[in-house]
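Structure first, commentary second.
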Amino acid sequence: MQIFLFDSLSRKKREFIPLDNDNIRIYACGPTVYDYAHIGNARMAVVTDLLVRTLQTLYKNVTFVSNITDVDDKIIKAANASKKPINEITSKFQKIYEEDMENLGVQKPYKQPKATDHINEMIEMIESLIRNDCAYISEKNVLFNVRKYKFYGCLSRRSKDEQIAGSRVEVANYKKNAEDFILWKPSKDNEPGWNSPWGKGRPGWHIECSAMSKKCLGLPFDIHCGGVDLTFPHHENEIAQSCSSISPNSEPNSFCNYWFHNGFVTASGEKMSKSLGNIKLVNEILKKYDGSIIRFSLLTSHYRQPLDWSEDILKQSKKTLIKFKRIIESSEPIDSANNPKIRKYFDDFLNAIYDDLNTPKALGILNKWFEVIKKSRSTEKQYILASIIKGLEILGVNLTKIKPTLSQVDNTLQSRILKMINERDEARQNKDFKKADIIREKLKNLDIEIEDTVKGTIWRKND
Numbered sequence: 342m343q344i345f346l347f348d349s350l351s352r353k354k355r356e357f358i359p360l361d362n363d364n365i366r367i368y369a370c371g372p373t374v375y376d377y378a379h380i381g382n383a384r385m386a387v388v389t390d391l392l393v394r395t396l397q398t399l400y401k402n403v404t405f406v407s408n409i410t411d412v413d414d415k416i417i418k419a420a421n422a423s424k425k426p427i428n429e430i431t432s433k434f435q436k437i438y439e440e441d442m443e444n445l446g447v448q449k450p451y452k453q454p455k456a457t458d459h460i461n462e463m464i465e466m467i468e469s470l471i472r473n474d475c476a477y478i479s480e481k482n483v484l485f486n487v488r489k490y491k492f493y494g495c496l497s498r499r500s501k502d503e504q505i506a507g508s509r510v511e512v513a514n515y516k517k518n519a520e521d522f523i524l525w526k527p528s529k530d531n532e533p534g535w536n537s538p539w540g541k542g543r544p545g546w547h548i549e550c551s552a553m554s555k556k557c558l559g560l561p562f563d564i565h566c567g568g569v570d571l572t573f574p575h576h577e578n579e580i581a582q583s584c585s586s587i588s589p590n591s592e593p594n595s596f597c598n599y600w601f602h603n604g605f606v607t608a609s610g611e612k613m614s615k616s617l618g619n620i621k622l623v624n625e626i627l628k629k630y631d632g633s634i635i636r637f638s639l640l641t642s643h644y645r646q647p648l649d650w651s652e653d654i655l656k657q658s659k660k661t662l663i664k665f666k667r668i669i670e671s672s673e674p675i676d677s678a679n680n681p682k683i684r685k686y687f688d689d690f691l692n693a694i695y696d697d698l699n700t701p702k703a704l705g706i707l708n709k710w711f712e713v714i715k716k717s718r719s720t721e722k723q724y725i726l727a728s729i730i731k732g733l734e735i736l737g738v739n740l741t742k743i744k745p746t747l748s749q750v751d752n753t754l755q756s757r758i759l760k761m762i763n764e765r766d767e768a769r770q771n772k773d774f775k776k777a778d779i780i781r782e783k784l785k786n787l788d789i790e791i792e793d794t795v796k797g798t799i800w801r802k803n804d
């Protein structure tokens with residue numbers, strides 16, 4: 342069995358072929374720690390975690406690195422607004438981010454380097470770019486000369502005008518070309534700064550990921566992950582400066598082999614943004630829903646497609662996971678180690694996940710299995726159940742903390758429900774399945790969910 346991933350650079354689904362079978366190396370752009378993480382941040386973390394878990398089914402060693410940006414214009418602005426030291430802001434929100442991601446079942450990276458701990462590596466990379474005549478000094482700024490890298494634009498496919506318009510850095514008079522970007526800039530009196538060959542200053546945003554991925558993983562590495570919104574300018578600039586630091590016009594694959602991008606999370610079809618007031622914070626959602634429900638919701642859509650976030654998705658995910666939990670808890674477990682009968686079922690699930698993390702297809706297989714289990718009394722039921730449990734483990738979904746919210750019913754309705762269930766049980770015993778199905782539908786119209794178990798029919802009315 343082989344894993345296939347969509348590579349954003351070639352824009353093709355490619356078979357994953359490691360650079361080193363004994364050590365798969367992955368890098369993801371981590372959070373800028375100045376505020377709470379929103380559900381878009383969570384999607385990137387969850388799908389990257391799923392990628393890591395999937396690779397771990399085939400490869401013994403998977404080294405995953407994701408950075409922490411703890412020096413940035415937004416962080417400085419937040420610190421000034423709150424009148425608190427920068428390290429107090431960054432420490433607080435890094436801790437909250439890590440706790441939120443742990444609640445979503447996201448495994449902690451093998452390494453989580455901080456930008457402020459790798460200033461020397463950034464300076465060294467900038468010096469190599471100057472030596473290779475790919476960067477220049479202007480008014481105490483160091484800038485990357487985009488026209489020195491012939492592959493610039495290979496990832497985002499943007500024209501020169503689009504490159505200029507999409508850049509985060511304003512067009513300044515100290516630039517040779519409008520599309521050039523900052524590698525190092527002088528610090529103001531109220532800003533953090535480090536000594537460098539170009540004076541006291543601080544790094545540009547893009548150089549940190551290039552320096553830290555090289556330091557922690559070596560070049561080239563296997564997979565670079567991130568949200569599709571980072572494709573330009575951040576990832577485009579990473580390619581340019583990382584490759585140019587090796588030698589002028591090095592091929593893009595001298596940096597990494599595959600680019601893995603997840604789609605946007607939207608709200609009512611619009612991109613989440615502070616200006617629209619539609620950002621959903623993970624920390625707030627966790628107060629109402631268990632982390633596995635949020636994680637499951639993020640996996641209901643294919644990772645490359647936009648996901649329109651809503652309360653309805655969470656409610657449906659909760660309902661689905663409660664159903665999964667009840668069926669699993671009402672069945673007898675079986676030892677799944679090296680059992681060929683389990684593998685027969687489990688390979689269907691793996692094939693879906695190995696096909697570019699096709700979670701909608703994988704979840705469809707789980708749902709199909711659950712329907713089979715509900716109707717089956719054969720020994721095959723245990724093998725299917727074991728496959729489901731293994732599938733949920735790969736998805737990173739933990740059912741232990743998920744609990745149903747039950748609605749109360751009065752005595753009159755309860756008596757009516759029990760009478761209908763008894764009539765249905767009698768109809769099933771008489772093999773009058775048409776009548777049994779009619780009664781089930783009547784119960785469903787009363788918002789009553791029933792489930793046939795080895796211990797008899799149980800019922801519930803959920804919110």
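Its first residue numbered 342, the sequence shown is counted upward by one per residue in the numbering used here.
Note that beta-carbon positions come from the ideal geometry of N, C-alpha and C, so glycine has one too.
Predicted model, so just to flag it, every value in this text is computed and none were measured.
- Look at residue 550 here: in three-state DSSP terms it is helix.
- Rounded to whole angstroms, residue 681 and residue 731 show a C-alpha spacing of 14 Å.
- Here residue 617 is exposed: its Cβ has fewer than 16 other Cβ atoms, across all protein chains shown, within 10 Å.
- In the structure shown, the three-state DSSP call for residue 558 is helix.
- Using a 10 angstroms sphere on the CB of residue 554, the tally of other CB atoms reaches 16 or more, which defines it as buried.
- Between residue 726 and residue 634, the alpha-carbon positions lie close to 20 Å from each other.
- With contact defined as three or more Cβ pairs closer than 8 Å, the region 535-548 and the region 517-526 are in contact.
- A contact is defined here as three or more CB-CB pairs under 8 Å, and the region 358-371 meets this definition with respect to the region 557-576.
- With 16 or more other Cβ atoms inside 10 Å of its own Cβ, residue 548 counts as buried.
- For residue 481, the closest alpha carbon among the candidates 516, 343 and 581 is that of 516.
- The DSSP-derived three-state label of residue 632 is helix.
- For residue 698 and residue 349, the gap between their C-alpha atoms comes out near 15 Å.
- A distance of 8 Å or more separates the beta carbons of residue 550 and residue 452.
- With 16 or more other Cβ atoms inside 10 Å of its own Cβ, residue 700 counts as buried.
- Non-local C-beta neighbours of residue 520 in its own chain, meaning closer than 7 Å and more than five positions away in sequence, comprise 487, 501, 504, 505 and 508, ordered along the chain.
- Across the structure, residue 661 and residue 354 are spaced so that their CA atoms are roughly 31 Å apart.
- Residue 720 carries a coil assignment under DSSP once its states are collapsed to helix, strand and coil.
- A straight line joining the alpha-carbon of residue 356 with that of residue 343 spans about 7 Å.
- The region 568-580 and the region 405-418 do not touch, with fewer than 3 CB-CB distances between them shorter than 8 Å.
- With a minimum length of 3 residues, the unbroken runs of beta strand (DSSP E) contained wholly in the region 747-803 fall at 790-794 and 797-801.
- In this structure, DSSP gives residue 641 a state outside helix and strand, which the three-state scheme calls coil.
- In this structure, the straight-line span from the alpha carbon of residue 596 to that of residue 560 is close to 6 Å.
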